[in-house]
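Undergrad: The structure under discussion is supplied below as structure tokens; questions concerning it will follow.
4 protein chains.
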Amino acid sequence: MALLDISVVPVGTPSPSIGDYIAEVVKTCSKARVKYRLTDMGTIIEGRPADLFKIAQKLHETPFKKGIRRVITSITVDDRRDKKVKLDDKVKSVTARIAK
Amino acid sequence: MALLDISVVPVGTPSPSIGDYIAEVVKTCSKARVKYRLTDMGTIIEGRPADLFKIAQKLHETPFKKGIRRVITSITVDDRRDKKVKLDDKVKSVTARIAK
Amino acid sequence: MALLDISVVPVGTPSPSIGDYIAEVVKTCSKARVKYRLTDMGTIIEGRPADLFKIAQKLHETPFKKGIRRVITSITVDDRRDKKVKLDDKVKSVTARIAK
Amino acid sequence: MALLDISVVPVGTPSPSIGDYIAEVVKTCSKARVKYRLTDMGTIIEGRPADLFKIAQKLHETPFKKGIRRVITSITVDDRRDKKVKLDDKVKSVTARIAK
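Protein chains in written order, with our numbering: chain G, 524 to 623; chain D, 524 to 623; chain F, 524 to 623; chain X, 524 to 623.
The structure is reproduced here in structure tokens:
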């Protein structure tokens, strides 16, 4: 399991508000039945690398379906093969280190 | 107020674990008395743009103090001047849209 | 056609030098017969969105084949559907604007 | 010397074309007399870390001066303290490895 952080930015929107497009991204994650966390700066998804790249492509497509003609999508994949990486693990691990 | 998402990656560490370096980043945020949220993929900080760029530079320096010789830091700044942007606002706004 | 910028960072390498891993990324682009430009900060690839996501996954895998156990890959996709986007177009267009 | 890659995206523009805003970014680099390379996906600047963070903030401000009300800026800093890092070094080093 790896983690993928994705931020989908529609370019050429009438207003600076893009929350409706982000809502579509989150709905698509929800329908795809993947584990995810919405943050103020993107959406973090847990899964196998191949599945993560597939869902990323799907999420990148969502603004085009609403008429947008340009999308800039930023993705970071953190993929560790020596141990399983799951959502919330890193926050817990770092929080425990700070508490010491 | 704007938001800044930062991920500080030390390169050339003996192990794939970098949690100790992330803990330093979070401790530095804490000492700097900035509002922040730790996520599985980075740290999101709220503040005025000039302050955010200053704290980002400070966080980028933390692994060097622990002997690391190369650091790759990724930063995203989401800066909106037509309304105040604060931590948790975007998550709440998108969650409300989905609930409709 | 869209553009994808990718930076593959192996974590837990004995030295701060990661050029051997970047060379693998570039060799893989070359074998895949995609159009690309190597920059000091990543590799920019031209292609159809579906192909770009596939090659990105392939490039992300390259350090694991050399024994690395953690990889952090950053990707940006700039996808425009109102006109064709090709390598060098944006550099030319911006350079022309500045020259005015 | 370190390298900083920056991409400044204005949100809420009437059209998907944002080349005029990118031209401002490049002009500001030029006036600041920093060494830089324009790529299809951003601008790569060479400098001391403290100077790089300062210029990044300046570049992030450029679209606001043209009336834009929201800007999303992505930055990557690659900072190596065991050897000098300059523009074109990494491209040359990787190209030499591939040629072997």
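Where a beta carbon is used, it is the ideal one built from N, C-alpha and C, also for glycine.
Could you tell me the distance, in whole angstroms, from the CA atom of Arg593/X to the CA atom of Gly590/F?
TA: Going from the Cα of Arg593/X to the Cα of Gly590/F covers about 43 Å.
Undergrad: Among the candidates Leu527/D, Arg604/D and Ile621/D, whose CA atom is the shortest distance from the CA of Asp563/G?
TA: For Asp563/G, the nearest C-alpha among the options comes from Leu527/D.
Undergrad: Using a Cβ-Cβ cut-off of less than 7 Å, list which residues of the region 599 to 621 of chain X approach chain D; keep chain order.
TA: Going along the region 599 to 621 of chain X in chain order, one finds Thr599, Val600, Asp601, Asp602, Arg603, Arg604 and Asp605 with a Cβ nearer than 7 Å to chain D.
Undergrad: Smallest Cα separation from Ala525/X: which of Arg556/X, Glu569/X, Gly565/X and Lys554/X?
TA: The option with the nearest alpha carbon to Ala525/X is Glu569/X.
Undergrad: Answer yes or no: does any C-beta atom of chain X fall closer than 8 Å to that of Lys550/F?
TA: Answer yes: the Cβ-Cβ gap between Lys550/F and chain X drops below 8 Å somewhere.
Undergrad: Among Lys613/F, Leu582/F, Asp612/F and Leu610/F, which has the Cα closest to the Cα of Ile529/F?
TA: It is Leu582/F whose Cα lies nearest to the Cα of Ile529/F.
Undergrad: Between Thr599/F and the rest of its own chain, which residues show a CB-CB distance below 6 Å, the 5 nearest in sequence each way excluded?
TA: Taken in chain order, the residues that qualify are Asp528.
Undergrad: Gln580/D to Lys588/D, Cα distance in whole Å?
TA: Computed Cα separation, rounded: 13 Å.
Undergrad: Shortest alpha-carbon distance to Ser597/F belongs to which of Arg604/F, Thr566/F and Ile541/F?
TA: For Ser597/F, the nearest C-alpha among the options comes from Thr566/F.
Undergrad: Check each candidate in Asp574/X, Pro572/X, Gly542/X and Arg571/X and name the one with the smallest Cα separation from Leu561/X.
TA: With distances taken between Cα atoms, Leu561/X lies closest to Gly542/X.
Undergrad: Residues of chain X with a CB under 9 Å from the CB of Leu582/F: which are they?
TA: Ordered by position in chain X, no residue passes the 9 Å Cβ test against Leu582/F, which lies about 13 Å from the chain.
Undergrad: Closest to Arg603/X by C-alpha separation, out of Gly535/X, Val548/X, Val532/X and Pro572/X, would be which residue?
TA: With distances taken between Cα atoms, Arg603/X lies closest to Pro572/X.
Undergrad: Hey, does Ile578/D have any beta-carbon neighbour from chain G nearer than 8 Å?
TA: Cβ-Cβ to chain G under 8 Å: no for Ile578/D.
Undergrad: Between Thr566/X and chain G, is the shortest Cβ-Cβ distance under 8 Å, so that the two count as touching?
TA: Output row for Thr566/X: interface = no.
Undergrad: Applying the 10 Å Cβ sphere with the 16-neighbour rule, what's the burial state of Ile595/F?
TA: That one is buried.
Undergrad: Closest Cβ-Cβ distance between Arg560/F and chain G: below 8 Å?
TA: With 8 Å as the cut-off, Arg560/F does not count as an interface residue toward chain G.
Undergrad: Applying the criterion that 16 or more other CB atoms from any shown protein chain within 10 Å of the CB defines a buried residue, is Thr618/F buried or exposed?
TA: Exposed, because fewer than 16 other Cβ atoms sit within 10 Å of the Cβ of Thr618/F.
Undergrad: From Pro539/D to Val531/F, what distance separates their C-alpha atoms?
TA: Straight-line Cα distance between these residues: approximately 15 Å.
Undergrad: Report the partner residues of Ala555/D according to the DSSP bridge assignment.
TA: Ala555/D is not bridged to any residue.
Undergrad: Does chain D have any CB closer than 8 Å to the CB of Pro533/G?
TA: Output row for Pro533/G: interface = no.
Undergrad: If Tyr559/F and Thr585/F are in contact, beta carbons under 8 Å, what's the gap, nearest whole angstrom?
TA: At roughly 14 Å, the Cβ-Cβ gap does not stay under 8 Å, so Tyr559/F and Thr585/F are not in contact.
Undergrad: CB-CB under 8 Å to Gly535/D, same chain, minus the five flanking residues each way: which ones, in chain order?
TA: If we look at Gly535/D and ignore the five residues flanking it on each side, its Cβ neighbours are Ile591, Arg592 and Arg593.
Undergrad: Which residue comes first and which comes last in the alpha helix (DSSP H) that contains Arg604/G?
TA: No alpha helix (DSSP H) contains Arg604/G, which DSSP labels as neither H nor E.
Undergrad: Using a 10 Å radius around the Cβ and a threshold of 16 neighbouring Cβ atoms, would you call Lys606/F buried or exposed?
TA: Under this definition Lys606/F is an exposed residue.
Undergrad: Could you work out which residues of chain F lie near Thr536/D, taking near to mean beta carbons separated by less than 9 Å?
TA: What Thr536/D touches in chain F: Val534, Gly535 and Thr536.
Undergrad: Would the C-beta of Ala555/X count as close to the ligand FAD, meaning under 7 Å from any of its heavy atoms?
TA: Within the structure as shown, the ligand FAD is missing, as the structure has no ligands at all.
Undergrad: Taking DSSP as the reference, what is the three-state secondary structure of Thr586/F?
TA: It should be noted that the sequence gives Pro, not Thr, for residue 586/F. Three-state result, Pro586/F: helix.
Undergrad: Would you mind stating whether Val557/D and Ile578/D have Cβ atoms separated by less than 8 Å?
TA: Their beta carbons are under 8 Å apart, which means Val557/D touches Ile578/D by this criterion.
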